[in-house]
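J.: Chains as they are written, first to last, in our numbering: chain W, 192 to 398; chain Z, 845 to 1131.
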Amino acid sequence: MKFSKIDELTRPEHIYLAQDDVCYYLREYTPRVGFCHSDTNSIVQNFKKPVDRRNRPEWAYKEQSVLQIALELRQSFSPKWLRAATLVPMPPSASKDDPRYDDRLVRVLRAIRVEANCDVRELLVQTGSTEPDHNAGEARHRLTPDEREEIFAVDPALVSPAPAQIGVVDDVLTNGSHFVAAKRVLRRQFPHAPIIGIFFARRQIAA
Amino acid sequence: MAASTPISPWRELGAYESLWLRDGASFAKLARLFREHAQALPSDLVAVDQAEDTARKALAILRAAGIGRFGVRMNRTAEYPEKLRHAVNPVELLYYQGYWPLVETRSVAVVGTRHPSADSLCRTRSIVRRLVKDGFTIVSGLAAGVDTAAHMAAIEQGGQTVAVIGTSLAGCYPPQNRALQARLAAEYLLVSQVPIVRYSVQHAPQNRLFFPERNATMSALTEATIIVEAGETSGTLVQARAALQQGRKLLILDNCFQDPSLTWPLRLAKKGALRVRSYGDIVKALG
């Protein structure tokens, strides 16, 4: 499977992305009020299952989605780039001391590392928890890149050695505010490393 | 160093549209071109500047027609349905508006003449109502007559419907279906394989050829095609042949067999089409 990149056709659906933001995605996720089943939608929904369902049978679907996303991403990277790059998971909305903390992206990257032996670092941390965007609904405020930048920080314990290339990995690209904030914070710490966004799916606005 | 060589949908759209601007371009010729260049993307076959220039033209045409959001699906990307490859001349790239995941639902094409009898319209509505109740998405071609009745009945029944149209996204035929087309694009799914720039620069007689071409795609997207009523030279028969070629079920309503002026029902039945006397026959065929 090949990555697609955000370009003139799709950038208007991700309002915070500028022309120099390089973002790759594999699939397209189409939210819809009411019925909207698709293979991609069900993988994304399983992946985002909240951690309070850990003891329910449906949790197995979440585990499967972690492995599938890891497999599809790994097979789509250029092996040469993967050897030289540092993969950074986007920090989840709930911080590590929050019972809602979800390490799903970290587990995807660990699964990639097992096979590809690449550098995976949780370089970005979020200071405090926020409401997940997918729970925010239309009426509630979603953080802008400026607001997100204030609560993102680089973990000083992990900055060395400086990465040569950085891929910030997230499950779904929505308005782009997470990526833009992550890029700014990482750029301050690593001014010379190219930083790209890697997404399992981009959110598509159907109508 | 790049993380991969990513596909730019914008550039592919422009390259594909550029291929269509070549003299004598057709779905058959383009399908042959991509068979001969088995690993190629459209952008591998067209200069970058030309692709981007044509993409801008296509976008300007859509904007002028008031089209806001639209998407593309292309071969070799994750959301391209493999079932489209069952067509003799599979489309490499197509356009859509609305909810793409509807192509992943169980779906049946309900098609027929633009000038149906009152009985045929009644049958169309009845079959669609029951298919919707049984969870099927109704696919049709947005033509006058049976197609329009099929889309409308699906909507009225609270079901899902997909139109595979024979114009570009910027066009509409028949004009009286403009509002229905807009509604399908906003709330359901509208699919067009017709190249936007070529459609805008050539004349109506050439553009009419796109109508039968889209029937093969409609068949490929669905599990079965149901023909309600069709004359001897109807475009619907293009879809009938495509369905049989693609290994899809072809269901022909009994009334077509009872019309002594028609030879096609028996001819297609000999090739594998099923004669449908009741909704139960449809259920049995769909399994």
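Cβ coordinates follow ideal geometry from the N, Cα and C atoms, glycine included. Computed from a predicted structure; not experimentally measured.
1) Could you name the residues of the same chain whose beta carbon sits closer than 7 Å to that of residue 1015 of chain Z, not counting the 5 residues immediately before and after it, in chain order?
2) Assuming the contact rule is C-beta atoms closer than 8 Å, residue 985 of chain Z and residue 955 of chain Z should be a hit. Round their C-beta distance to whole Å, please.
3) Using three-state DSSP, classify residue 334 of chain W as helix, strand or coil.
4) Given 8 Å as the limit, tell me if residue 320 of chain W has its C-beta closer than that to any heavy atom belonging to the ligand ZN.
5) Taking the CB atoms as reference points, tell me whether residue 257 of chain W and residue 280 of chain W lie closer together than 9 Å.
6) Buried or exposed for residue 1133 of chain Z, going by 16 or more other Cβ atoms inside 10 Å?
7) Is it the case that the Cβ atoms of residue 1028 of chain Z and residue 1006 of chain Z are separated by a distance below 9 Å?
8) In terms of alpha-carbon separation, which member of Z:945, Z:1095 and Z:981 lies closest to residue 231 of chain W?
9) How far does the alpha helix (DSSP H) with residue 1062 of chain Z in it extend, from its first residue to its last?
10) Express the C-alpha separation of residue 964 of chain Z and residue 1033 of chain Z in angstroms, rounding to a whole number.
11) Residues of chain W with CB closer than 8 Å to the CB of residue 848 of chain Z, please, in chain order.
12) Taking the Cβ atom as the reference point for each residue, do residue 1002 of chain Z and residue 975 of chain Z lie within a distance shorter than 9 Å?
13) Once DSSP output is grouped into helix, strand and coil, what is the label at residue 309 of chain W?
14) Taking residue 321 of chain W as the reference, which of W:313, W:311, W:287 and W:312 has the closest Cα?
15) Using 9 Å as the threshold, is the C-beta distance between residue 1064 of chain Z and residue 928 of chain Z below it?
16) Report yes if the C-beta distance between residue 1111 of chain Z and residue 1098 of chain Z is below 9 Å; otherwise report no.
17) Below 9 Å on C-beta distance, what does residue 171 of chain W contact in chain Z?
18) Taking the alpha-carbon positions, what's the residue 1073 of chain Z to residue 259 of chain W distance?
19) Return the residue from the list W:396, W:376 and W:336 that minimises the CA-CA distance to residue 367 of chain W.
20) Classify residue 870 of chain Z as buried or exposed, calling it buried when 16 or more other Cβ atoms lie within 10 Å of its own Cβ.
21) If you measure beta-carbon to beta-carbon, which residues of the segment 939 to 966 of chain Z are closer than 9 Å to chain W?
22) Classify residue 887 of chain Z as helix, strand or coil using the three-state DSSP reduction.
23) Give a yes or no on whether 9 Å exceeds the smallest Cβ distance from residue 365 of chain W to chain A.
24) Are the segment 237 to 248 of chain W and the segment 855 to 873 of chain Z touching, with three or more C-beta to C-beta distances below 8 Å?
25) How would you list, in chain order, the residues of chain Z whose beta-carbon sits under 9 Å from the beta-carbon of residue 398 of chain W?
26) Are the C-beta of residue 246 of chain W and some C-beta of chain Z separated by less than 9 Å?
27) If we cut at 9 Å on Cβ distances, does residue 921 of chain Z have a partner in chain W?
28) Three-state secondary structure (DSSP) at residue 197 of chain W?
29) Just the C-alpha distance for residue 289 of chain W and residue 348 of chain W, rounded to the nearest angstrom, thanks.
30) Spell out whether any CB of chain W is found under 9 Å from the CB atom of residue 934 of chain Z.
31) For residue 886 of chain Z and chain W, any beta-carbon pair shorter than 9 Å?
32) Kindly indicate which residue of W:373, W:239, W:381 and W:352 has the alpha-carbon position closest to the one of residue 343 of chain W.
33) At 8 Å on the CB atoms, spell out the chain W contacts of residue 853 of chain Z, in chain order.
34) Under 9 Å between the Cβ atoms of residue 207 of chain W and residue 363 of chain W?
35) Given that residue 857 of chain Z touches chain W, what residues does it touch there, using C-beta distances under 9 Å?
36) When the Cα atoms are used, what is the spatial distance from residue 972 of chain Z to residue 1122 of chain Z?
T.: In this structure, then:
1) Taking the first residue of the second sequence as 1, we reach residue 1015 of chain Z at position 171. 1043.
2) Stepping through the second sequence from its first residue, residue 985 of chain Z is reached at position 141. Stepping through the second sequence from its first residue, residue 955 of chain Z is reached at position 111. Yes, they are in contact, since the Cβ atoms of residue 985 of chain Z and residue 955 of chain Z sit about 6 Å apart, within 8 Å.
3) Locating residue 334 of chain W in the first sequence gives position 143, counting from the first residue. DSSP places residue 334 of chain W in coil when its eight states are reduced to three.
4) Judged by which ligands are present, the structure shown has none, so any question about the ligand ZN falls away.
5) Within the first sequence, residue 257 of chain W is the residue found at index 66, counting from 1. Within the first sequence, residue 280 of chain W is the residue found at index 89, counting from 1. For residue 257 of chain W and residue 280 of chain W, no; Cβs fall outside 9 Å.
6) Nothing about residue 1133 of chain Z can be reported from this structure: the residues present for chain Z run from 845 to 1131 only.
7) Indexing the second sequence from 1 puts residue 1028 of chain Z at position 184. Indexing the second sequence from 1 puts residue 1006 of chain Z at position 162. A Cβ-Cβ contact shorter than 9 Å links residue 1028 of chain Z with residue 1006 of chain Z.
8) To locate residue 231 of chain W, count along the first sequence from 1; it is residue 40. Looking at the Cα atoms, Z:945 is the closest of the given residues.
9) Walking along the second sequence from the start, residue 1062 of chain Z turns up at place 218. Per DSSP, residue 1062 of chain Z belongs to the alpha helix (DSSP H) from 1054 to 1065.
10) Here residue 1033 of chain Z is taken as the residue at index 189 of the second sequence, counted from 1. Here residue 964 of chain Z is taken as the residue at index 120 of the second sequence, counted from 1. Looking at the two C-alpha atoms, the distance is approximately 25 Å.
11) Here residue 848 of chain Z refers to the residue found at position 4 of the second sequence. Within chain W, the residues near residue 848 of chain Z are 193, 194, 215, 267, 268, 269 and 272.
12) Counted from its first residue, the second sequence places residue 1002 of chain Z at position 158. Counted from its first residue, the second sequence places residue 975 of chain Z at position 131. No. Outside cutoff.
13) Sequence index remark: in the first sequence, residue 309 of chain W carries index 118 (1-based). Note: residue 309 of chain W maps to coil in three-state DSSP.
14) In the first sequence, residue 321 of chain W corresponds to position 130, counting from 1. Checking every option, the nearest Cα to that of residue 321 of chain W belongs to W:287.
15) For the purposes of this step, residue 1064 of chain Z is identified with residue 220 of the second sequence, where counting begins at 1. For the purposes of this step, residue 928 of chain Z is identified with residue 84 of the second sequence, where counting begins at 1. Yes, Cβ-Cβ distance for residue 1064 of chain Z and residue 928 of chain Z is below 9 Å.
16) Numbered from its first residue, the second sequence carries residue 1111 of chain Z at position 267. Numbered from its first residue, the second sequence carries residue 1098 of chain Z at position 254. Residue 1111 of chain Z places its beta carbon 9 Å or farther from that of residue 1098 of chain Z.
17) There is simply no residue 171 of chain W to check, as chain W begins at 192 and stops at 398 in what is shown.
18) Taking the first residue of the second sequence as 1, we reach residue 1073 of chain Z at position 229. Taking the first residue of the first sequence as 1, we reach residue 259 of chain W at position 68. So the alpha carbons of these two residues sit roughly 46 Å apart.
19) Along the first sequence, read from residue 1 onward, the residue named residue 367 of chain W stands at position 176. Residue W:336 is the option with its Cα nearest to residue 367 of chain W.
20) The residue labelled residue 870 of chain Z in the question sits at position 26 within the second sequence. When all chains shown are included, residue 870 of chain Z counts as exposed.
21) Taking 9 Å as the Cβ-Cβ cut-off against chain W, the residues of the segment 939 to 966 of chain Z that qualify are 941, 942, 943, 944, 945, 946, 947, 948 and 949.
22) Here the question's residue 887 of chain Z lines up with position 43 in the second sequence. Residue 887 of chain Z: helix per DSSP, three-state reduction.
23) Of the protein chains in the structure, W and Z, none is chain A.
24) In short, these stretches do not touch, since the Cβ pair count stays below three.
25) Position 207 of the first sequence, counted from the start, is the residue given in the question as residue 398 of chain W. Near residue 398 of chain W (Cβ distances below 9 Å), the residues of chain Z are 912, 913, 941, 942, 943, 1029, 1030 and 1031.
26) Translated into positions along the first sequence, residue 246 of chain W becomes position 55. Contacts with chain Z at 9 Å (Cβ-Cβ) do not include residue 246 of chain W.
27) Counting from one through the second sequence, the residue named residue 921 of chain Z turns up at place 77. Yes - at least one Cβ of chain W is within 9 Å of the one on residue 921 of chain Z.
28) By one-based count along the first sequence, residue 197 of chain W stands at place 6. Here DSSP, grouped into helix, strand and coil, assigns residue 197 of chain W to coil.
29) The count along the first sequence starts at 1 and reaches residue 289 of chain W at position 98. The count along the first sequence starts at 1 and reaches residue 348 of chain W at position 157. In this model, residue 289 of chain W and residue 348 of chain W are separated by some 21 Å (Cα to Cα).
30) Taking the first residue of the second sequence as 1, we reach residue 934 of chain Z at position 90. Under the Cβ distance rule, residue 934 of chain Z does not count among the residues neighbouring chain W, no pair being separated by less than 9 Å.
31) Taking the second sequence and counting its residues from 1, one reaches residue 886 of chain Z at position 42. By this cut-off, residue 886 of chain Z is not an interface position.
32) In the first sequence, the residue the question calls residue 343 of chain W occupies position 152. Per the Cα distances, W:373.
33) For the purposes of this step, residue 853 of chain Z is taken as the residue at position 9 of the second sequence. Per Cβ cutoff of 8 Å: 195, 198, 200 and 201.
34) Within the first sequence, the letter at position 16 stands for residue 207 of chain W. Within the first sequence, the letter at position 172 stands for residue 363 of chain W. Contact check for residue 207 of chain W against residue 363 of chain W fails: the beta carbons are separated by 9 Å or more.
35) Along the second sequence, one-based indexing puts residue 857 of chain Z at 13. Within chain W, the residues near residue 857 of chain Z are 200.
36) Counting from 1 along the second sequence, the entry for residue 972 of chain Z is found at position 128. Counting from 1 along the second sequence, the entry for residue 1122 of chain Z is found at position 278. Roughly 13 Å between the two C-alpha positions.
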